[in-house]
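Listed in order, the protein sequences are those of chains P and Z. Residues 1 to 327 (our numbering) are what the first sequence spells out, left to right. Residues 1001 to 1327 (our numbering) are what the second sequence spells out, left to right.
2 protein chains.
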Amino acid sequence: MKTVSRVINKEPSVRKKTYDVVMEAVNELNYQPNLAARNLAGTSSFTVGLVYDNPNAYYVIDMQNGVLSRCKDEGYELVIHPCSYADDNMEQDIKTMIKRSRLAGLVLTPPLSEQSSITNMLDELNIHYVRVLSGRPTDEDQDTCIYVNDYKAAYEITSHLLSLGHKNIGFICGDKEHKSTSERLEGYKAALADHDTPANSDFIYDGKYSFESGVEGAKTLLANDNKLAISAILGGNDEMAAGALFASRLMGIQIPEQLSITGFENSPFSRQTWPKLTTAHQENDVISQHAARLLFTKTRGARNQDKDIITSFTPSIVVRDSSGPKL
Amino acid sequence: MKTVSRVINKEPSVRKKTYDVVMEAVNELNYQPNLAARNLAGTSSFTVGLVYDNPNAYYVIDMQNGVLSRCKDEGYELVIHPCSYADDNMEQDIKTMIKRSRLAGLVLTPPLSEQSSITNMLDELNIHYVRVLSGRPTDEDQDTCIYVNDYKAAYEITSHLLSLGHKNIGFICGDKEHKSTSERLEGYKAALADHDTPANSDFIYDGKYSFESGVEGAKTLLANDNKLAISAILGGNDEMAAGALFASRLMGIQIPEQLSITGFENSPFSRQTWPKLTTAHQENDVISQHAARLLFTKTRGARNQDKDIITSFTPSIVVRDSSGPKL
DNA sequence: AGTTAAAATGACAACGCTGTCAATCTTCTA
DNA sequence: TAGAAGATTGACAGCGTTGTCATTTTAACT
């Protein structure tokens, strides 16, 4: 029995021949180790959690699927945990989940991954976790974080607009609390600065990553001064860009002839607007797969050395029809 | 110890006083029963599965959250299982999941809930399940199915268009394999028939529930004969309606002045098109909550009599700006 | 071949609960 | 107030694994 356990867990010191015999029987009987028993008996469990507070269904599904695909490979089970940081019980909730399911580790996604109250709690509980974060990679934290370089992506998308001849470029920010907001904003500012076109605070609108705030943002930016000053708007995400598009239509503005609009994230509905949105593509499923792999190296210890884990991703620009040369 | 177990499981024959004492201690110690141990020891486990094969992220998230909220209340854990019926291993996959996690039951969502190969397999394994189905409620199966009356909703949305004066109404179907497609189509036909406006097969396009097929559908329907014959298009879902909207723009058709377009499902992006879509609202989170409750009555047996479970839902029409009177 | 160290396997308890069945306590009746 | 019936509680095994440690087998030496 113990030998079968060794084979299943790929422990060393099992003779090749024994290994083969066991595996043959495993296949023949279609043996599936009982997760509950493994979780109960073992030192570390085979269950990990995915924590998110994100209204973007596409994002969440991508993250889930990425983590899930690795879980399947490694024999782990996934417990999903949507929550709301507006909720006072959030931390207690997470704690409860960890205890109930005896989680081996957690994947934290933005914006929760930015909350030190959560990471502190996890540190106290001595639970492994991996954070998916908007930000530029640092030398430390390489083994705890997966970075999404929104700064660079925003820099590039702004550069794209600049190269099309736009000078007065509006920016619709997401929620202030989100790290991605400041990262994207800084990338935008840096690109402008590098083109000797300093950012104008009148061109920056504080939104909320929602369609509605995109609508408001465009209305505000375009109303603030004469309409023609701004010839391009960079949406902090696709949803707000779609909102800006919507507002522009209401105002009778032609896209992209009179105004270029770009999004961020390349979520499916950036392809379902008219015209389709130029945006920055973020490979969320790949990102979350790497997050899961990184987590597994920690929970399983040295058992699986997974060396080619990428810990930094830069979204790549996808040029579509919502951006065009300044006329 | 056993008494604590009784209290936790709300078993009868525990004295009120004992119950209170135990609960006090439970609260004080913040005791969380270990799920793995419960799953291992008990007759039925505390884990249920949610199986889906649906490209609509909003739908999936709603279903997840609904089931999850009930799971939390009842102390169950949820294992999500996205899969693809195009995949030959699908059934084996589900079987494996059931065995590994020792599932107490499953919630099946369309289109998988329509596959008899799956339900047969589950019957053989003697696993409880609840199916969420597109269809009109029948007297049997009240305890195994949650019906979403797409027929009636399509009837009503078609009636809405008819009452606006439209006579030639196009219909863009979803995948043929989906029950919802035929239900919605029949509702559409029935409404037409009741208004002495027999359905014209030239006005029906076989789509795929995707944005792209909505684009194709509108192009085809509007090109087939002279553009003005059709004054309204009913999209089989919001995505196709958005596609139809997109195509109409490309063709320079004004919505809703020249053409009314309606969707189905009321997914978030039906609010993010321009103009916003008239659609049929489906309360997926509520539906999935009831599905979960129905499942729990089966897995927990008579222990929790949950009598006010609704097993039939009819999406309600939401009139927005994409539909208007025929000019 | 005989010895020793290392590799491989096996025996057994333990993980934290629940089901079964026995023991105890309450309540009610005569 | 004894006795019976029923309500409540408790003792104990067992769920299917893994960790620990003992035992056996193999390999590597004189």
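Beta carbons are placed, not taken as given, at the ideal position from N, Cα and C, and that holds for glycine.
Using DSSP with H/G/I as helix, E/B as strand and the rest coil, what is residue i?
i                      : result
residue 1077 (chain Z) : strand
residue 1061 (chain Z) : helix
residue 102 (chain P)  : coil
residue 1173 (chain Z) : strand
residue 1083 (chain Z) : coil
residue 1199 (chain Z) : coil
residue 1094 (chain Z) : helix
residue 1233 (chain Z) : strand
residue 1209 (chain Z) : coil
residue 113 (chain P)  : helix
residue 1182 (chain Z) : helix
residue 327 (chain P)  : coil
residue 188 (chain P)  : helix
residue 1257 (chain Z) : coil
residue 1069 (chain Z) : helix
residue 1265 (chain Z) : strand
What does residue i touch in chain P if you count any residue whose Cβ is under 9 Å from its own?
i                      : result
residue 1085 (chain Z) : Chain P residues near residue 1085 (chain Z): none, gap ~16 Å exceeds 9 Å.
residue 1039 (chain Z) : 34, 35, 36, 37, 39 and 40
residue 1211 (chain Z) : 268, 269, 271 and 272
CB residue i to CB residue j, shorter than 8 Å?
i                      : j                      : result
residue 1112 (chain Z) : residue 1048 (chain Z) : no
residue 1236 (chain Z) : residue 1209 (chain Z) : yes
residue 128 (chain P)  : residue 298 (chain P)  : yes
residue 1234 (chain Z) : residue 1170 (chain Z) : yes
residue 238 (chain P)  : residue 265 (chain P)  : yes
residue 66 (chain P)   : residue 289 (chain P)  : yes
residue 262 (chain P)  : residue 201 (chain P)  : no
residue 1240 (chain Z) : residue 1260 (chain Z) : no
residue 130 (chain P)  : residue 103 (chain P)  : no
residue 1218 (chain Z) : residue 1248 (chain Z) : yes
residue 1057 (chain Z) : residue 52 (chain P)   : no
residue 1155 (chain Z) : residue 1191 (chain Z) : yes
residue 1296 (chain Z) : residue 1024 (chain Z) : no
Find the residues of chain P that neighbour residue i, judging by a C-beta separation of less than 7 Å, and give them in chain order.
i                      : result
residue 1057 (chain Z) : 57, 58 and 61
residue 1323 (chain Z) : Ordered by position in chain P, no residue passes the 7 Å Cβ test against residue 1323 (chain Z), which lies about 18 Å from the chain.
residue 1279 (chain Z) : None at all; the shortest Cβ gap to chain P is about 15 Å.
residue 1242 (chain Z) : 272
residue 1296 (chain Z) : Here the premise fails: no neighbours, minimum Cβ distance about 17 Å.
In the DSSP assignment, the alpha helix (DSSP H) including residue i goes from what residue to what residue?
i                      : result
residue 1296 (chain Z) : 1284 to 1299
residue 26 (chain P)   : 16 to 29
residue 1155 (chain Z) : 1150 to 1163
residue 1004 (chain Z) : 1002 to 1008
residue 245 (chain P)  : 238 to 250
residue 1271 (chain Z) : Note, residue 1271 (chain Z): premise wrong, no alpha helix (DSSP H); not H, not E.
residue 1168 (chain Z) : Neither: residue 1168 (chain Z) is in no alpha helix (DSSP H) and is coded neither H nor E.
residue 1039 (chain Z) : 1035 to 1041
Tell me which residue opens and which closes the beta strand (DSSP E) that residue i is part of.
i                      : result
residue 280 (chain P)  : 279 to 281
residue 1047 (chain Z) : 1047 to 1052
residue 1260 (chain Z) : 1260 to 1262
residue 129 (chain P)  : 128 to 134
residue 1118 (chain Z) : Not the beta strand (DSSP E): residue 1118 (chain Z) falls in the alpha helix (DSSP H), residues 1116 to 1125.
residue 316 (chain P)  : 316 to 318
Decide if residue i is buried, meaning its Cβ has at least 16 other Cβ atoms within 10 Å, or exposed.
i                      : result
residue 1100 (chain Z) : buried
residue 324 (chain P)  : buried
residue 181 (chain P)  : buried
residue 35 (chain P)   : buried
residue 1302 (chain Z) : Confidence at residue 1302 (chain Z) is low in this model, with a pLDDT of 47, below 50, so its placement is unreliable and no value can be given for it.
residue 328 (chain P)  : Shown here, chain P extends from 1 to 327; a query on residue 328 (chain P) therefore has no answer.
residue 245 (chain P)  : buried
residue 1098 (chain Z) : buried
residue 196 (chain P)  : exposed
residue 1143 (chain Z) : exposed
residue 152 (chain P)  : buried
residue 18 (chain P)   : exposed
Give me the chain Z residues within the contact set of residue i, using Cβ-Cβ distance strictly less than 7 Å, ordered along the chain.
i                     : result
residue 99 (chain P)  : 1032
residue 269 (chain P) : 1269 and 1272
Residues of chain P with CB under 8 Å from residue i, in chain order?
i                      : result
residue 1080 (chain Z) : 64, 68, 78 and 80
residue 1045 (chain Z) : 36
Note down, in chain order, every chain Z residue with its Cβ under 9 Å from the Cβ of residue i.
i                     : result
residue 249 (chain P) : 1274 and 1275
residue 96 (chain P)  : 1030 and 1032
So residue i contacts chain Z; which residues on that side make the cut at Cβ distance below 8 Å?
i                     : result
residue 102 (chain P) : 1034, 1035 and 1036
residue 264 (chain P) : Correct list: empty, because the minimum Cβ distance to chain Z is about 15 Å.
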